[in-house]
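To start, the structure under review is shown below, and the notes come after it.
There are 2 protein chains.
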Amino acid sequence: MAAKRSYHHGDLRAALIAASFDQLADGGLPRFSVAAVARRLNVSSAAPYRHFPDRVHLLGAVSAVAAGDLRAAIETAAVEAGSDPAARLAAAAGAYVRYVARTGAGFSVIYAAELHDFPDEARREQTRALMTSLLDLGTATGVPSYQEAVLMVEATIAVAQGYTSLLADGFFARKAHSADAVADRATQAARSLAAPSRGAGS
Amino acid sequence: MAAKRSYHHGDLRAALIAASFDQLADGGLPRFSVAAVARRLNVSSAAPYRHFPDRVHLLGAVSAVAAGDLRAAIETAAVEAGSDPAARLAAAAGAYVRYVARTGAGFSVIYAAELHDFPDEARREQTRALMTSLLDLGTATGVPSYQEAVLMVEATIAVAQGYTSLLADGFFARKAHSADAVADRATQAARSLAAPSRGAGS
DNA sequence: GTCTATATCTAGATAGAC
DNA sequence: GTCTATCTAGATATAGAC
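Put into structure tokens, the structure is as follows:
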């Protein structure tokens, strides 16, 4: 039956956050529970409450880490994409799909409605930095106004989130598409968003 | 206090499906439960089980209805969009956002992983017809191959699903965007996917 | 055809032992 | 710092009354 629970961890707080990512990657937000995370670590269901007062605070900590990691992944992808601003923004879409496929923690977790009434300054900082990175990529494309940059970033995020949702919901299951293949399609679709009637010049 | 439960319905089966849509629109799939649906109708929590053997069968029935309604909404939007094939496909994205914002039942419900092992022929029929409608819109755009039509339809669905997810997750909350405004953006973004600035399948 | 009542399960959260 | 034990609440599902 259940593995024995003689497990005393050195840094359970960090382990809980890491296990939360695994849990999210496995079953998504719907199946996320403090009890399930505790089970993953072979600790009692009460142990997490020594480190987080409740479920929302654990999710909030995960959200902050995810926002920071996602921002780093996007920055890296932009660097690898080269110098074309539109390609750099599109690469963010691909990085988003890869990150969420791997960790299960995308915008639906980072900006989860459950966390809206939850004023965690550290988390606010991370989410703000993430949005700033994205908006910087958007304004760099040379659209005529900030407003249009916002719209383009939103569209890029929407494409990435859309492919991510379809992947997570098993829409691509039959064809057995890998996360990387889907991420490449997201990048390509995002790239074509930037190139319609009004070009970026060059 | 709970309203009294003296309610005998004429067609509880249909009422359960309708109430399921309300429940999905309110709390999404995560908060969907047979008990919550029964509460909405002021019937006992046991009543639904006279009409559906279990939760999955209720969801399956909802899925079939949603697929049919969604297909009708997409067809109508295509007609209203006129004769340009790319505009007709893009209009499907807008119709999708509007339909899911209103009903809560999008692809994540229609193709919910919970239903994969659930062989309901009526539902299969509806979902197949929905995909056929979308693929017809895709092939009509005159892309050089069927494979590219599939990719373009997938991208269009992804855009629509992405805006839908962001809307449902409260991403647009602060700006208080209406569902119609978001649907218009989805339409516009989907429209730019079809722009031949860069070969979609190079 | 719908009700009441109930058995079982899982999750969130707390108290107190070690 | 983590455990066992326990309480509460809500969900699925079944049995049997009316």
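Here the protein sequences come in this chain order: A and B. Just so we're on the same page, this note's numbering is the position in the first sequence counted from 1, plus 129. Just so we're on the same page, this note's numbering is the position in the second sequence counted from 1, plus 129. Every residue, glycine too, gets a C-beta built ideally from N, C-alpha and C.
Within the same chain, Ile146 come within 7 Å of valine 194 of chain A by CB-CB distance, once the 5 residues on both sides are set aside. For serine 294 of chain A, the enclosing alpha helix (DSSP H) covers residues 275-297. With its beta carbon less than 7 Å from one in chain A, aspartate 298 of chain B belongs to the interface. Looking at B:Arg227, B:Val163 and B:Gly157, the one whose alpha-carbon comes closest to that of arginine 314 of chain B is B:Arg227. Per the coordinates, the alpha-carbon of leucine 259 of chain B lies some 9 Å from the alpha-carbon of aspartate 198 of chain B. For leucine 244 of chain B, there is no enclosing alpha helix (DSSP H), as DSSP marks it with neither H nor E. In this structure, alanine 289 of chain B sits away from leucine 322 of chain B, with a CB-CB distance that is not shorter than 7 Å.
With a cutoff of 7 Å on beta-carbon distance, threonine 232 of chain B and phenylalanine 150 of chain B are scored as near each other. Only exposed fits glycine 139 of chain A, as fewer than 16 other CB atoms lie within 10 angstroms of its CB. Using a Cβ distance threshold of 7 Å, valine 163 of chain A and arginine 184 of chain A count as a contacting pair. Assigned with DSSP and collapsed to three states, proline 177 of chain A falls in helix. Assignment of phenylalanine 150 of chain A by DSSP, reduced to helix, strand and coil, places it in the helix class. In the three-state reduction of the DSSP assignment, aspartate 265 of chain A falls in the helix class, which pools H, G and I. Serine 294 of chain A has a beta carbon lying within less than 7 Å of a beta carbon in chain B.
For tyrosine 240 of chain B, the three-state secondary structure derived from DSSP is coil. The C-beta separation of serine 294 of chain A from serine 192 of chain B comes to about 16 Å, leaving the pair out of contact by the 8 Å criterion.
The continuous alpha helix (DSSP H) containing leucine 188 of chain A extends over residues 184-210. DSSP places valine 311 of chain B in the uninterrupted alpha helix (DSSP H) bounded by 308-322. Listed along the chain, the chain A residues whose CB falls inside 7 Å of the CB of proline 159 of chain B are Leu158 and Pro159. Shown in chain order are the members of the stretch 221-249 of chain A whose Cβ falls below 8 Å from a Cβ of chain B: Phe236, Ser237, Tyr240, Ala241, Ala242 and His245.
The beta carbon of alanine 224 of chain A lies closer than 6 Å to those of Ala202, Ile203 and Ala206 in the same chain, with the five residues before and after it left out.
For alanine 234 of chain A, no alpha helix (DSSP H) segment is defined, and its DSSP state is neither H nor E. For the set A:Ser237, A:Glu209 and A:Pro177, the Cα lying nearest the Cα of glycine 157 of chain A is the one of A:Ser237. Glycine 299 of chain B is positioned such that its CB atom lies no closer than 7 Å to that of alanine 308 of chain A.
For chain B, the residues of the stretch 306-323 of chain A that bring a beta carbon within less than 8 Å of one of its beta carbons are Arg314, Ala315, Gln317, Ala318, Arg320, Ser321 and Leu322, in chain order. With distances taken between CA atoms, arginine 169 of chain B lies nearest to B:Asp155 out of B:Gln276, B:Asp155, B:Ala310 and B:His186.
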